[in-house]
Amino acid sequence: DSGVTQTPKHLITATGQRVTLRCSPRSGDLSVYWYQQSLDQGLQFLIQYYNGEERAKGNILERFSAQQFPDLHSELNLSSLELGDSALYFCASSVAVGTEAFFGQGTRLTVV
Amino acid sequence: GESVGLHLPTLSVQEGDNSIINCAYSNSASDYFIWYKQESGKGPQFIIDIRSNMDKRQGQRVTVLLNKTVKHLSLQIAATQPGDSAVYFCADETGANNLFFGTGTRLTVIP
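These protein sequences, in sequence, are chains A and B. Number 1372 in this note's numbering belongs to position 8 of the first sequence; there are no gaps in the numbering. Number 74 in this note's numbering belongs to position 84 of the second sequence; there are no gaps in the numbering.
Right under this line is the structure:
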């Protein structure tokens, strides 16, 4: 158990819908990362937050947005969902920049 | 932009042999690298890391080598076991405070 909690574990939704994925980082970790992993693909970095502020952006679509709350948990919002958005979405957290990141078990999103 | 890539997408080794997984990076300013292991249906798990002021770092049955001249790092697994079968990713701390992953190498251990 990495200490990073992601909910829900599985999510099935229809095209055009909007979903919110939640991540609770390890206690004490200030940095949160979001990744997308399509079937048999590598991890695609989406976005990073540090202590509530956006720190870095990767290949995140405009339909996607995220935030980190004062209690340090983070949410990834995916809207106008398309079939191609079906993937595993991982959250990771670390104490600070340049330290080991711990990953959650992921949320498997299926868009039908 | 920065990129981290793996030389081989798949690797099959006999149980008990040593495994070597390679990774190339393009950002000469990168100063922190991590190897992760991802088993099927699970999140990536930290294996070992190395900072740019080192050439080599050893863990339990794993060694990471860093060659800054050619921007290459490798993960060596000694006496590979069936439990080592997984996808291995290298991650690059670019200095922009984020981690970038290569496509990964799938390691299959043949009993």
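Positions of the beta carbon are idealized from the N, C-alpha and C atoms, including for glycine.
Next on the checklist: In the DSSP output, what is Val1383(A) paired with across the bridge?
Outcome noted: On the first sequence, position 19 is the one that residue 1383(A) refers to. Per DSSP, Leu1442(A).
Checklist entry - What residue from Ser1450(A), Ser1391(A), Ser1366(A) and Cys1387(A) has the CA that sits closest to Pro1372(A)'s CA? => result On the first sequence, position 8 is the one that residue 1372(A) refers to. Of Ser1450(A), Ser1391(A), Ser1366(A) and Cys1387(A), the residue nearest in Cα terms is Cys1387(A).
Next on the checklist: Using only the alpha-carbon positions, how far apart do Ala14(B) and Thr70(B) sit?
Outcome noted: Within the second sequence, residue 14(B) is the residue found at index 24, counting from 1. Within the second sequence, residue 70(B) is the residue found at index 80, counting from 1. Each residue's CA atom was taken as its position, placing Ala14(B) and Thr70(B) some 22 Å apart.
Checklist entry - Is any beta-carbon of chain B found at less than 8 Å from that of Gln1432(A)? => result The sequence position of residue 1432(A) within the first sequence is 68, counting from 1. Not an interface residue.
Item to check | Burial state of Asp1488(A), where buried means 16 or more other Cβ atoms lie within 10 Å | outcome: Because chain A in this structure spans residues 1365 to 1476, residue 1488(A) falls outside the shown range and cannot be described.
Item to check | Three-state class that DSSP yields for Asp45(B) in the structure shown | outcome: If you number the second sequence from 1, residue 45(B) lands on position 55. Looking at Asp45(B) - three-state DSSP - the assignment turns out to be coil, as it is neither helix nor strand.
Item to check | Rounded straight-line distance, which links the Cα of Leu55(B) to that of Tyr1413(A) | outcome: By one-based count along the first sequence, residue 1413(A) stands at place 49. By one-based count along the second sequence, residue 55(B) stands at place 65. Their Cα atoms are separated by approximately 30 Å.
Item to check | Min CB distance Phe36(B) to chain A below 8 Å | outcome: Along the second sequence, read from residue 1 onward, the residue named residue 36(B) stands at position 46. At least one chain A Cβ lies under 8 Å of Phe36(B).
Checklist entry - With a cut-off of 8 Å, does the C-beta of Ile24(B) fall near any C-beta of chain A? => result On the second sequence, position 34 is the one that residue 24(B) refers to. Interface residue (Cβ-Cβ distance to chain A less than 8 Å): Ile24(B) is classified as such.
Checklist entry - According to a CB-to-CB cut-off of less than 7 Å, which residues of the region 37 to 48 of chain B neighbour chain A? => result Asp39
Item to check | Residue closest to Ala1451(A), alpha-carbon to alpha-carbon, out of Thr1377(A), Ser1366(A) and Asp1365(A) | outcome: Along the first sequence, read from residue 1 onward, the residue named residue 1451(A) stands at position 87. Ranking the options by Cα distance to Ala1451(A), first place goes to Thr1377(A).
Checklist entry - Quick one: what does DSSP say Asp74(B) is sitting in, helix, strand or coil? => result Counting from one through the second sequence, the residue named residue 74(B) turns up at place 84. Three-state result, Asp74(B): helix.
Checklist entry - Would Ser114(B) be called buried (16 or more neighbouring beta carbons within 10 Å of its own) or exposed? => result It is not possible to answer for residue 114(B), since the shown part of chain B is limited to -9 through 101.
Item to check | Proximity of Leu1394(A) and Asn1415(A) at Cβ, strictly below 8 Å | outcome: What you label residue 1394(A) is simply residue 30 of the first sequence in a count that begins at 1. What you label residue 1415(A) is simply residue 51 of the first sequence in a count that begins at 1. Against a cut-off of 8 Å, the Cβ pair of Asn1415(A) and Leu1394(A) comes out as a contact.
Item to check | Cβ neighbours of Gly(-9)(B) in the same chain (closer than 7 Å, five flanking residues each side left out) | outcome: The sequence position of residue -9(B) within the second sequence is 1, counting from 1. Its pLDDT being 36, under 50, Gly(-9)(B) is placed unreliably in this model, and the value from its coordinates should be taken loosely. Within the same chain, Gly(-9)(B) has no close Cβ partners at all.
Checklist entry - Can you check whether the CB of Phe1428(A) is closer than 8 Å to the CB of Leu1447(A)? => result Residue numbering aside, residue 1447(A) sits at position 83 when the first sequence is read from its first letter. Residue numbering aside, residue 1428(A) sits at position 64 when the first sequence is read from its first letter. Inclusion of Leu1447(A) and Phe1428(A) in the CB contact set at 8 Å is not warranted, their separation being larger than that value.
Checklist entry - By how many angstroms is the C-alpha of Val77(B) removed from the C-alpha of Lys61(B)? => result Taking the first residue of the second sequence as position 1, residue 61(B) is located at position 71. Taking the first residue of the second sequence as position 1, residue 77(B) is located at position 87. Distance between the alpha carbons of Lys61(B) and Val77(B): 21 Å.
Item to check | Three-state class that DSSP yields for Leu1447(A) in the structure shown | outcome: If you number the first sequence from 1, residue 1447(A) lands on position 83. If DSSP states are grouped into helix, strand and coil, Leu1447(A) belongs with the helices.
Item to check | Outcome for Thr0(B) when other beta-carbon atoms lying within 10 angstroms are tallied against a minimum of 16 | outcome: If you number the second sequence from 1, residue 0(B) lands on position 10. It counts as exposed.
Item to check | Close beta carbons around His1437(A), own chain, < 6 Å, minus the five adjacent residues each side | outcome: Within the first sequence, numbered from 1, the residue matching residue 1437(A) stands at position 73. Hits under 6 Å: Ser1388.
Checklist entry - Given that Val83(B) touches chain A, what residues does it touch there, using C-beta distances under 8 Å? => result Against the second sequence, residue 83(B) aligns to sequence position 93. The question names Val, yet the displayed sequence has Glu at residue 83(B). Simply Val1461 and Gly1462.
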